[in-house]
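Notes follow once the structure below has been shown.
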Amino acid sequence: MPVDARLSHTAAMILQAIHAGHIYGFSVMQMTGLPSGTVYPAMRRLERHGLIVSKWEQQAIADAEQRPPRKYYRLTRTGRATLDAAYERYPLLEKMIPSPEMERA
Amino acid sequence: MTRPWLRSVSLARINLRAASLLIPRSDRANWMAEWSAELHHLCRAAPDEIAGSPQCDPLEFSFGAFHDAFWIRYDLLRSAGLPMLRSGSAARSGLILATTALAALLLCLVLPGARKALLWLPYRHSADLVMISSCGYASTQSPSIALADYQEWTTDTAALFTQISFYRLTIKGVHTAHHAAARLSMAQASDNLLRLLDLPDSRNVMPPAAPGEARLVLSRTAWRTLYRGDPHLVGRTADIDGQPVLIAGIIPDGDWRLAGKIDAVLLEDQHALAALPSRTRGFVIARIRNSAFPPPRGGWRKMVETRDEVTRSFDCISVPHLLGQPSFVFLFALLMASLALPATTALPLGDYPRRRDHLPRIVNARRWGFLIAKFTLVLLIVDLCSTDLAYGFCAGDPVTALYIQLATAFPALLFGFRWTLQDQRKRCPECLRLLSNPARVGQASCNFLSWNGTELFCASGHGLLHIPELPTSWFSTQRWLCLDSSWRCLFAERPSPHPEMV
Numbered sequence: 000m001p002v003d004a005r006l007s008h009t010a011a012m013i014l015q016a017i018h019a020g021h022i023y024g025f026s027v028m029q030m031t032g033l034p035s036g037t038v039y040p041a042m043r044r045l046e047r048h049g050l051i052v053s054k055w056e057q058q059a060i061a062d063a064e065q066r067p068p069r070k071y072y073r074l075t076r077t078g079r080a081t082l083d084a085a086y087e088r089y090p091l092l093e094k095m096i097p098s099p100e101m102e103r104a
Numbered sequence: 000m001t002r003p004w005l006r007s008v009s010l011a012r013i014n015l016r017a018a019s020l021l022i023p024r025s026d027r028a029n030w031m032a033e034w035s036a037e038l039h040h041l042c043r044a045a046p047d048e049i050a051g052s053p054q055c056d057p058l059e060f061s062f063g064a065f066h067d068a069f070w071i072r073y074d075l076l077r078s079a080g081l082p083m084l085r086s087g088s089a090a091r092s093g094l095i096l097a098t099t100a101l102a103a104l105l106l107c108l109v110l111p112g113a114r115k116a117l118l119w120l121p122y123r124h125s126a127d128l129v130m131i132s133s134c135g136y137a138s139t140q141s142p143s144i145a146l147a148d149y150q151e152w153t154t155d156t157a158a159l160f161t162q163i164s165f166y167r168l169t170i171k172g173v174h175t176a177h178h179a180a181a182r183l184s185m186a187q188a189s190d191n192l193l194r195l196l197d198l199p200d201s202r203n204v205m206p207p208a209a210p211g212e213a214r215l216v217l218s219r220t221a222w223r224t225l226y227r228g229d230p231h232l233v234g235r236t237a238d239i240d241g242q243p244v245l246i247a248g249i250i251p252d253g254d255w256r257l258a259g260k261i262d263a264v265l266l267e268d269q270h271a272l273a274a275l276p277s278r279t280r281g282f283v284i285a286r287i288r289n290s291a292f293p294p295p296r297g298g299w300r301k302m303v304e305t306r307d308e309v310t311r312s313f314d315c316i317s318v319p320h321l322l323g324q325p326s327f328v329f330l331f332a333l334l335m336a337s338l339a340l341p342a343t344t345a346l347p348l349g350d351y352p353r354r355r356d357h358l359p360r361i362v363n364a365r366r367w368g369f370l371i372a373k374f375t376l377v378l379l380i381v382d383l384c385s386t387d388l389a390y391g392f393c394a395g396d397p398v399t400a401l402y403i404q405l406a407t408a409f410p411a412l413l414f415g416f417r418w419t420l421q422d423q424r425k426r427c428p429e430c431l432r433l434l435s436n437p438a439r440v441g442q443a444s445c446n447f448l449s450w451n452g453t454e455l456f457c458a459s460g461h462g463l464l465h466i467p468e469l470p471t472s473w474f475s476t477q478r479w480l481c482l483d484s485s486w487r488c489l490f491a492e493r494p495s496p497h498p499e500m501v
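Here the protein sequences line up with chains A and B, keeping their order. Per numbering that gives the first Met the number 0, residue 0 is the first one in the first sequence, and the count goes up by one each step. Per numbering that gives the first Met the number 0, residue 0 is the first one in the second sequence, and the count goes up by one each step.
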């Protein structure tokens, strides 16, 4: 997907949440306030368009903590560039979900 | 964790399992694993955070899984392209109409009143079944015959009727040894009523153990609610207002189609009925003797009786005709709508080339087939929806239901037929897609005698449609201009220049 892709506000919020370190579906839901029925399909679409990648947690870690393994998400380079482009369209995005860099600043 | 919390977690797991069945099989395990893991973490986090947060409710989370499944399916369909279901295509319109008809049919089957009106009569040999009323159709829904009249007819009318039966609607208290008391609405009837109606299940009804013994036949709903579906109930004795009565059988709810809403039929012999006041009014059902009394044509026939030098007349109304009135009302609405249609829209579909090389016969056949299919589906949808509305939602008085059906079916049919014709006129005769990009050509005020109107074209490049602004003797209706294949390159659909919105 090109960097100047038209990103919906929902998709931009999800990208920003992942960028801010909320890397699981449930934590994205908590941070954005979006319902589960919106977040997961949107993340699948973002993944299909190469803006994020997902990875299953190692089974050994989950076994050690006696819980099921979780799928976590992170931004790709294209995703990061697309998010940067989206800041121009949605200037309040960074204030709504502050990223680690912004918090440090 | 509290018990309601654990229950909602269990329900959420069941929901997730159900939602996973809607996901394509190849992705099902992956989605199920992700949902389960997220639910696990939600449950761990939730006791602290649940207050007022819908995201932390396991049930809310699990309902979102259905939404996920819907969007996954939607995305799959969209990515597959499905050219048949493109916007404005004939297949899409047909699918929408067929889905609406299916939904209306399902609603009809779910709503008890609508289901009754839709299904065939359960009575066998119903052609010679009549209801006797004192004042035509008007008194078929309320009791109009005195018990004394019925008792006279049981002996006097043997030449006219092979069987005759009486019932009245009443409410009685039912007590059983093991179950709580309840008040049931009943049809207190002569003991031959079910035999006369010839219901498929009437043979399973037990005969009286002793002559004159009263019997109770419960509807399936009453059996389930009052006796919790006790399988050994038939043959036991119930107490009805102090009178012991044999529970003789259970009949499906849909088998009772006569006037009145009942939970049970109380069958009593003539002696027991004679204990009622002779002026008690009820309904009389009879089977006519064909040799003496041909089946009532047009739905009803007069029966004149002279007693004590007083002549009275009664109407024998055909039960199939009486209960089949929703169909007659719909046919009447259809006739009215067909007559009114030319006043609301033009009937011609336009001028299309008749040369075989322009529009092959198969293309023409498909166009007409599509039009007929649309008309049929519109008819079906209106019939089912008006039945749903009249008998399902506004159930109660069947006469009111008939008026509601007529009042809804007529405008809906008129609107539906009008839409069908207008939609057909706006479609390409070759690919049946809706025409697009209307362009106004000419100005009526500048060149009154020159052609002016609207032009639309088929996005696939099959041709152009000219619609005149002012119909003239040389251009009275819309005209289709076929374009040969050399024009296709100009009209070929291209992918959208805009990148997809994520």
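Beta carbons are placed, not taken as given, at the ideal position from N, Cα and C, and that holds for glycine.
Under the three-state reduction of DSSP, residue 268/B is assigned to coil, being neither helix nor strand.
Interface with chain A (9 Å Cβ-Cβ cutoff): residue 28/B is excluded.
Residue 9/A and residue 29/B have their C-alpha atoms roughly 23 Å apart. Taking 9 Å as the cut-off, the Cβ atoms of residue 183/B and residue 225/B count as close. For residue 41/B, the C-beta contacts it makes with chain A under 8 Å involve 25, in order along the chain. When CB distances to chain B are screened at a threshold of 9 Å, the residues of the segment 66 to 77 of chain A falling below it are 66, 67, 68, 69 and 70, in chain order. Going by C-alpha positions, residue 67/B is about 16 Å away from residue 32/A.
Closer than 9 Å at the C-beta level to chain B, one finds these residues of the segment 36 to 51 of chain A: 36, 37, 38, 39, 40, 41, 43, 44, 45, 47, 48 and 50. A straight line joining the alpha-carbon of residue 69/A with that of residue 408/B spans about 55 Å. Chain A has no Cβ within less than 9 Å of the Cβ of residue 25/B. Contact between residue 267/B and residue 200/B is absent: CB atoms are separated by about 20 Å, not below the 8 Å threshold. By the criterion of a C-beta distance shorter than 6 Å, residue 89/B is surrounded in its chain by 369 and 431, once the five residues flanking it on both sides are discounted. For residue 436/B, the three-state secondary structure derived from DSSP is strand. For the set 74/B, 35/B, 15/B and 100/B, the Cα lying nearest the Cα of residue 377/B is the one of 100/B. In terms of CA proximity to residue 329/B, 379/B leads the group 202/B, 462/B, 455/B and 379/B. Beta-bridge partners assigned by DSSP to residue 283/B: 131/B and 165/B.
If you draw a straight line from the Cα of residue 474/B to the Cα of residue 467/B, it comes to about 7 Å.
For residue 55/A, the beta-bridge partners assigned by DSSP are 70/A. The residues 146, in chain order, have a CB closer than 7 Å to that of residue 275/B in the same chain once the five nearest residues on each side in sequence are set aside. When C-alpha distances from residue 263/B are compared across 247/B, 148/B, 273/B and 20/B, the shortest belongs to 247/B. Distance check between residue 87/B and each of 136/B, 436/B and 440/B places 436/B closest, using alpha-carbon atoms only.
Using a 10 angstroms sphere on the CB of residue 420/B, the tally of other CB atoms reaches 16 or more, which defines it as buried. The C-beta of residue 34/A comes closer than 9 Å to at least one C-beta of chain B. Under the 9 Å criterion on CB atoms, residue 441/B is classed as non-interfacial with respect to chain A. Distance from the CA atom of residue 150/B to the CA atom of residue 238/B, rounded to whole angstroms, is 27 Å.
At the C-beta level, residue 261/B and residue 255/B come within 9 Å of one another. Interface flag for residue 66/B against chain A is set, since a Cβ pair is found closer than 9 Å. Residues of chain A whose Cβ lies closer than 9 Å to the Cβ of residue 74/B are, in chain order, 40, 43, 44 and 47.
For residue 33/B, a Cβ of chain A is located within less than 9 Å of the residue's own Cβ. Scanning its chain for C-beta atoms nearer than 6 Å, with the 5 sequence neighbours on each side dropped, one finds around residue 384/B the residues 103, in chain order. Interface flag for residue 37/B against chain A is set, since a Cβ pair is found closer than 9 Å.
For the C-beta of residue 71/B, the chain A residues within less than 8 Å are, from N- to C-terminus, 40 and 43. Here the alpha carbons of residue 126/B and residue 289/B stand approximately 10 Å from one another. Under DSSP, the beta-bridge partners assigned to residue 479/B are 464/B. In this structure, the alpha-carbon of residue 79/A lies about 11 Å from that of residue 49/A.
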